[in-house]
Amino acid sequence: MSAGRRQRGEDGEHESTRRSNRYEQLIERIFFANYQEGNRTIKFRREDIEAAAQELNLKLPKNLGDVVYSFRYRAELPQKLRAVLTRTDEEWVILPTGRAKYQFVAMPSELVRIRPNRKLPEIRVPDATPGLIARYALSDEQALLARVRYNRLIDLFLRIPCYSLQSHLRTTVPDMGQVETDEVYVGLDRHGAHYVVPVQAKGGRDKLGIVQIVQDFALCKHKFPHVIARPVAAQFIESDCIALFEFRLDAEGSISVPEERHYRLVPPDQLSAAEITAYREAAEVELRAG
1317 MSAGRRQRGE DGEHESTRRS NRYEQLIERI FFANYQEGNR TIKFRREDIE
1367 AAAQELNLKL PKNLGDVVYS FRYRAELPQK LRAVLTRTDE EWVILPTGRA
1417 KYQFVAMPSE LVRIRPNRKL PEIRVPDATP GLIARYALSD EQALLARVRY
1467 NRLIDLFLRI PCYSLQSHLR TTVPDMGQVE TDEVYVGLDR HGAHYVVPVQ
1517 AKGGRDKLGI VQIVQDFALC KHKFPHVIAR PVAAQFIESD CIALFEFRLD
1567 AEGSISVPEE RHYRLVPPDQ LSAAEITAYR EAAEVELRAG
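Take 1317 as the starting number for the sequence shown in my numbering and just add one per residue.
Put into structure tokens, the structure is as follows:
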């Protein structure tokens, strides 16, 4: 690597660190300016970022929304915020409540950051991804969505036939503002019931958490009120191994993860007869039990 390229890389890292520190200072000031002991929710507006920057004499970010976005999808909120919670198994998340409106909400840690359970067995699936798609996918997210789509992993996971309706759906939801989901499927079961399946795909630096799932349930309720909502999240474990999560919303508004599966995409000739037999026998046992 040339000295110039190395210097540019170091400068980029330093700038990223400075931005991260500045964002932490801003979000801490906003939180504690509105927090009262015992609060479980704390509301704020985007304009509060400007006020906090002035109070702290910090350079105002060019994109104010990036301060909130970074803590919703990439970075963890400062430890000082978590210290005020009385329960050690909870953390704060930032949820949208309208246009340029947000709130901090205390939620269970297991849902704040949803990670694959590495102890789960892998299900080996013949890889049906076209070579050209695999070759020219421009991002981790594109590659992940393509593998899920061409291998019909949503169908396998939910056990209903599903069809891709739209990619990157962006819309406005009442009392929440603008929301976006990576892909929307629709499905049909043997009883004739219709389903809508919003899919969040996460690769690279972006983290999977409850914020996106809350938004997906709200999107389904607003745009598809007469069908069954079954939000799903997809995450790369490795380039050819994908974790899928299903989410459920109960009558009290609590979200749970009732199902998680890991699918390993393999060349068809690498799936042995013994493996196929083992999968058949497991299916037969399940059919007899059902």
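Don't be surprised by glycine CBs; every beta carbon is placed ideally from N, CA and C.
If you're wondering where the values come from, they're calculated on a predicted model, not measured in any experiment.
request  = List the endpoints of the continuous beta strand (DSSP E) containing I1358.
outcome  = 1357-1361
key: the segment 1480-1492 contacting the segment 1424-1432, beta-carbon criterion three pairs below 8 Å   = no
request  = If I'm right that N1350 touches I1358 with Cβ under 8 Å, what's the distance once you round it to whole angstroms?
outcome  = 5 Å
ask   = Can the beta-carbon of V1573 be found closer than 8 Å to that of L1560?
value = no
inquiry  = Using a 10 Å radius around the Cβ and a threshold of 16 neighbouring Cβ atoms, would you call A1545 buried or exposed?
reply    = buried
query = Going by the CB atoms, is the gap between Y1501 and C1478 shorter than 8 Å?
reply = yes
key: Per-residue burial, F1348 [other beta carbons within 10 Å of its own, 16 or more giving buried]   = exposed
request  = Would you mind sorting L1427 into buried or exposed? The rule is 16 or more other CB atoms within 10 Å of its CB.
outcome  = buried
task = Using only alpha-carbon positions, find the residue among R1596, P1583, A1594, L1603 that is nearest to G1447.
result = P1583
query = Smallest Cα separation from D1304: which of I1365, L1397, K1396, E1371?
reply = Only positions 1317 to 1606 of the chain appear in this structure, which leaves residue 1304 out of reach.
task = Put I1430 into one of helix, strand or coil per three-state DSSP.
result = coil
request  = Could you check what DSSP says for E1371 in three-state terms: helix, strand or coil?
outcome  = helix
message = Would you say A1416 lies against chain D (beta-carbon separation less than 8 Å)?
response = In summary, chain D is missing from the structure at hand, where a single protein chain is found.
Three-way DSSP call (helix, strand, coil) for K1523 in this model = coil
message = If contacts are defined as beta-carbon pairs under 8 Å, then D1589 and A1550 qualify, I think. What distance do you get, rounded to the angstrom?
response = Per the sequence presented here, residue 1589 reads as Ala, with Asp not at that position. About 29 Å; that fails the 8 Å criterion.
task = Take R1345 and list the residues in its own chain whose beta-carbon comes closer than 8 Å to its own, dropping the five residues that flank it on each side.
result = A1368, E1371, L1372
Beta-carbon proximity list for E1457, same chain, < 7 Å, skipping 5 on both sides = D1498, A1517, G1519
query = Apart from the five residues just before and just after L1587, which ones in its own chain have a Cβ nearer than 7 Å to its Cβ?
reply = R1440, P1442
request  = Might you give, ordered along the chain, the residues of its own chain that have their beta carbon closer than 6 Å to the beta carbon of R1356, omitting 5 neighbours on each side?
outcome  = A1422
request  = Determine the DSSP secondary structure at I1476, reduced to helix, strand or coil.
outcome  = coil
task = Could you tell me whether the segment 1526-1534 touches the segment 1402-1413, where touching means 3 or more Cβ pairs closer than 8 Å?
result = yes
ask   = Cα separation between P1514 and H1538?
value = 13 Å
request  = Label G1508 either buried or exposed according to how many other C-beta atoms from any shown protein chain fall within 10 Å of its C-beta, with 16 as the threshold for buried.
outcome  = exposed
request  = From the DSSP output, in three-state form, read off D1382 for me.
outcome  = helix
Those residues which DSSP pairs with P1583 across a bridge = Beta-bridge pairing links P1583 to no other residue.
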